[in-house]
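In terms of full-length UniProt numbering, the sequence shown opens at residue 1 and continues consecutively. Cβ atoms here follow ideal geometry from the backbone N, Cα and C, with glycine treated the same way. Predicted, not measured: the structure shown is a model, and the values here were computed from it. Worksheet: one structure, shown below.
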Amino acid sequence: MFDADAPKTPLHVVCKALYSVVKTAGEKCCTSHFPNNVGHYEDVFYTLQLWVADATRQREWEVRYCLLLWLSNLVLVPFSLALVDTNSAEEGGGSAAVRRLPLSDATLVTASRFLADTSKCREAAALLVARLLTRPDSARHRGLFFDFANFILESTSPTATVGVGGAATVVPPGAPWAFLAEGTQNTFSSLLSQPFLLPGVLLAIAKTMKLGRREELVGFAPRLLACVAAVFEQHLNDSLLCKTATKVGQRLVLSMLKRRRAEWRYSRHIASLSANLGVAAAEGAAQLSARQEEEAGRDAVDEDKIDGLDGDEESLETGIGLLLQAVGHKDTVVRWSAAKGIGRVCERLPAVFAEEVMGEVLKVFRNAYSDAHWHGGLLTIAELCRRGLVGTALLSKVVPLVAEGLAYDLSRGTYSVGAHVRDAACYTCWSVARAYDAEDLVIHVRQLSVALVVTALFDREVNVRRAAAAAFQECVGRLGNFEHGIELVTAVDFFSLASLRHAYTVVAPVIAQYDTYRDGMLRELVGAKLLHWDRNVRQMAAIALGLVAIREPAATILEEVLPELLRRVEDTTVATRHGAILAIAELIRNLTPSAWSEGHIVQFIGMLATLEGSRGFSARGGTHIRQACCVMLQAIAGQSLPLPNTVEVRRVGGRVDKVRTLAVVFAFLKDSWDNILDWVQHAAADTFCAVAQTYFVKFLPSFHGKVLMEVYEGCLPAQRVLSRRGFLAAVGGLPATLLNAPWAPGAMTSADGPTSGASAPLAFEAFLPVLQRASLLSAEDLQNPELADAHVRRNAVRSLAQVLVRIDPGVPSVTPAWYTTVMEGTVLQALQDYATDKRGDVGSFVRLAVLEGLPSLLTYGLTAAAAVPLCTAATKMRVLQGVVRCVLEKLDRVRAVAGGVLARVLLDDPCDKALWAEGTDKDVGLSNYELSIKAEVALFRAHLRRLVTHVTGEDSDAGGERGEPLAWNNTQQVISCIGPFVLIHCPVSLAHAAMEGLVVAAGDLSEHVRRPAAAALLSAFHGDHATSAEASATLPQRLSACLMDVLVAHEHEERMLKPASRVLDLLINENVFAVEQHRAVLEMLRKELKHFALNIIVLLAMVPLLTNVCRSPDVEVRRGAWALALTMIASRYPKVRAKVASDLYASLLVLTSGALAPAGLPLEGCRRAMAHLMLVQWDGSDAARTRAARNELYDMLEIDPPAARAANAGESANEDAQRGSMQPARSLRGAVAATYKSLVQETGY
């Protein structure tokens, strides 16, 4: 592609590189290294003129920029530029001679042209103008340029004189500076038609005032100040212009004041660490006091000498007014420039005038709803404090404003503004700490320290928290009178405040132990953070309130904080109500149960009815309120607070009824389970579990029977899917008293129990079938997409694991056969859930739920007080195989959870002793097969223990060196350490499961999983150092057979077939796959290619494997693969045909290029076939021509054509169609509709 900005000339290449250096190091640093030979001046100048005049080089702005910078360095020659001008002799020539401008004037005209440029050339031109005007012999140029600048600035006013049609400003006739305007108009059709001229002129003035001498420039300042102030007023929305105007304004004011530092300014006296720490000697203190009195007297004398201003007071007021107006500008860069300017100006003002300026600065804070004014005002105060320009008498006004700025936060609905204000307040505190003595800040220390600590702990923005911590650290180090300063500095540091949760829940409780700061922390949490617009901040504030409140007397919290929170519950604002309920929940959770009276509990439970009556749960934000109420109920149940038997509920008509308390709670939870949001359902399910375990201690048929019935009906498939999710999650919260109680769906219950007699079935017998049915993906679910919901299966599996461990093992129906049926028929089947949808592998939700519940299920089966152990040896091994498979699969989160489960199952008590106990008495009666399994498991346990503890020596007790333990979320570590070991050393027990996981991982498209998995698989085929020579010889055969067994077990599964095809292709290419298994690979390809004849994705994945088998050493396998490849080369999909042709060509090329050709290989036919494959367009649209070209390959490769193999049955067309061969679209039976989707599917593109 043509690049219009690419360098076209050598000079452009050099200047482009030079610009990169200047951009990095700065123009001031780089220009000092430019050549300064005066003989280069004219060459550089006229080269610049050439690049300006040539229209074809307008894009080469880097050349012009570098030439301007070079010219700005050359203009500093210490003698007159007229001596350099070689054209000065021609000025008096004949009348035909064209009079040229002097070189200095021409330089000024050229630089003025570039002031309106939009590139970096404008900055270089401004520097050139500044250095030209500040030469000692440039008095005339200064007058001309500043007159020109005044004209440009005045032209922007509404009263400016315009030309004909208002197109351009009229240049006064006979003006000495007219040649500058004419030079500018040569570039632009109108003097003011270029909007960038005005910023360029202001930038040139700013640089000139910075580099020039005050005596030479002070005469131009008054008029320029008035013009700049007018420009600022008219261009308030132009940030660049306002920033430059502010910079010019402050430098013009500084030029009108003499260069001096105010003698009246505050001066810090203590500069030693010993004095800060309070260990200075008494003599030093006396000397310090005397020196302070002496300096105070001298300052008073000096102040009397300075009683007036140096320059024009009206102009100074205009300039300072400009700076004060810029303090409240909407852009930060303008406010920063104004703050710096006010600080510099006040350093040169007498005390009286500086106090007036300080008073105007304090007026900026009157607008409480303007974050710009607060930000600019705090920056200004910080700059004044840094320079000691704020007297100690004014600190009583400044410090409260700074403390208020530390908490500044204006809500804007779903967001707030004020982070920059709080950051500026932290900077102000930092400035105060560096500028003032500790004695002068004694009365303000408490206010500042509490405000800084609160901001550092509870601010939402991490940069503000860290800024407040830095300011607090500066105050502690400089002043030394902050209470518990050293302890707080070590706790509140840069890293501990990085996380919002860590700051609220870990650091805040540490600081709350100090009474000085705890009151401010409570006020901030209750008064601001619980009302914050961010839900996460409200949640963290509630948690922090509970952790801080335990440091206060309980009576104080109950009398001062709790009434305010209860009042806020009835507020109409969602954030206020949500924060209050969360805070109440955390107070209940952290305060002792004895602190809560019955009246408090009635108020808490009454919230549910109050919020339900006021539609607080169904209105906007009701889901957050519902979740907060769930947290509160969990806290009440966690503290086992006694609930009243009944509560009063106000009905719609105004009637007040007394309702059972648990009935009100259950009605609320039932509505929450019916919510469509997943996180609300889970919060309600966790709450039901806590409430039921605490308060459902005795089975009451009349009440609990209704509870069981409603939960049961909500789990049935006839319910809405979203509602069913919540009820299935709630089943896991049923306590043992209800699950083991006599109850059946539809049975009438009374106060004494079921009416059907004592032989009624138990409740868990009704719930288990429902959970088992919901945990698995059946054929009926596949036909109805609403039933095939992964969240339903996840919640069902999770509840099944929770329910199963609460069943009384003494019930007659609880037998090993029953346990085996549940485990192997449901739980381990759910571990095989690999369902996918548009979100990806949603079956992983179910697998994760199974893995989380497996340890408790195994513990129950092994340690339950039953007549015989419920968990059999076969079930143990099935569980271990499923976990090993998940440990080696491709998803990181599943692998991490499965790794933890594997360590618990194999190494932790009680599973360790009950599952894998060793000893000769345990081996009695075991078969050789069972003994081999036990030996392999024992070997794997020892290997896993070494990985988990990571002992580098042979024995940890013998002084082995410990390293880092195995990280289960590290793909490289887990797969490389677990996979090869299991495949090599556990062939009977775990190799099949490990192969299932590794095949999927090694064939995955994700690079971070595929690489370590493929390397682990190849490592297993090669064996390890502990493998004997005999075992190494048979290892490839065994692993190859194991891999084919996996494919047979997962026949017609696309999930397994695609990665397995890639893995087989890799193994065959690496010459580690057993040749004896090539026939099995070929048979597998025949079945799968026929089954997936219309799935182009699977076909493209299997084609490389098929063509790889085409060069098998086995003659029969090779010829069979050729025949299958020739069938696929006539596929209905053009992409498949082209892929088969190219890969088959590569396969034949490999076969015929070797020194020794395989036996039975028709070399000449293969060469002819290769030439034929190159000549034919296999992805063409002509079906007959493609099929005829394919048929020619049969004779070349000496293979019987399909017609001969059909035995005159007339089925060749049918066979080809079944195998996916290309047929005319109109002759295909059941052809799809002529839609764009079907067209794309048929063509394979």
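Residue j beta carbon less than 7 Å from that of residue i
i, j, result
"residue 980", "residue 1040", "no"
"residue 68", "residue 149", "no"
"residue 554", "residue 497", "no"
"residue 1056", "residue 1050", "yes"
"residue 586", "residue 542", "yes"
"residue 478", "residue 433", "yes"
"residue 201", "residue 74", "no"
Same chain only: Cβ atoms within 8 Å of residue i, ignoring 5 sequence neighbours per side
i, result
"residue 242", "232, 235, 236, 326, 329, 331, 334"
"residue 1315", "Beyond the ends of the chain as shown, which are 1 and 1245, falls residue 1315; an answer cannot be given."
"residue 407", "422, 451, 454, 455, 524, 528"
"residue 593", "639, 640, 641"
"residue 1072", "1018, 1021, 1022, 1036"
"residue 1168", "1196"
Residue i to residue j span [Cα, whole Å]
i, j, result
"residue 548", "residue 766", "47 Å"
"residue 250", "residue 209", "10 Å"
"residue 342", "residue 436", "20 Å"
"residue 1122", "residue 1170", "13 Å"
"residue 527", "residue 535", "16 Å"
"residue 29", "residue 120", "17 Å"
"residue 833", "residue 1098", "21 Å"
"residue 629", "residue 729", "18 Å"
"residue 81", "residue 103", "7 Å"
"residue 883", "residue 829", "12 Å"
"residue 806", "residue 814", "12 Å"
"residue 248", "residue 507", "47 Å"
Distance cut-off 6 Å: residue i Cβ against heavy atoms of the ligand NAP
i, result
"residue 430", "For the ligand NAP, the structure offers nothing, since it holds no ligand at all."
Short CB-CB distance (under 7 Å) between residue i and chain B
i, result
"residue 211", "Structure shown: chain B not included; a single protein chain is present."
Supposed contact pair residue j and residue i - C-beta distance, whole angstroms, cut 8 Å
i, j, result
"residue 128", "residue 111", "4 Å"
"residue 633", "residue 687", "5 Å"
"residue 797", "residue 734", "The Cβ separation is near 16 Å, so there is no contact."
"residue 255", "residue 217", "5 Å"
"residue 318", "residue 225", "5 Å"
Cβ-based neighbour list, residue i, same chain, cut-off 7 Å, excluding 5 preceding and 5 following
i, result
"residue 473", "489"
"residue 404", "none"
"residue 899", "887, 968, 974"
Chain-order list of residues whose beta-carbon lies under 6 Å from that of residue i (same chain, five-residue window excluded)
i, result
"residue 20", "none"
"residue 171", "178, 181"
"residue 100", "87"
"residue 8", "none"
"residue 17", "none"
"residue 485", "476"
"residue 10", "none"
"residue 668", "608"
"residue 1128", "1140"
Burial state of residue i, where buried means 16 or more other Cβ atoms lie within 10 Å
i, result
"residue 229", "buried"
"residue 15", "buried"
"residue 799", "buried"
"residue 59", "exposed"
"residue 513", "exposed"
"residue 35", "exposed"
"residue 679", "exposed"
"residue 268", "exposed"
"residue 676", "exposed"
"residue 1093", "buried"
"residue 375", "buried"
"residue 1024", "exposed"
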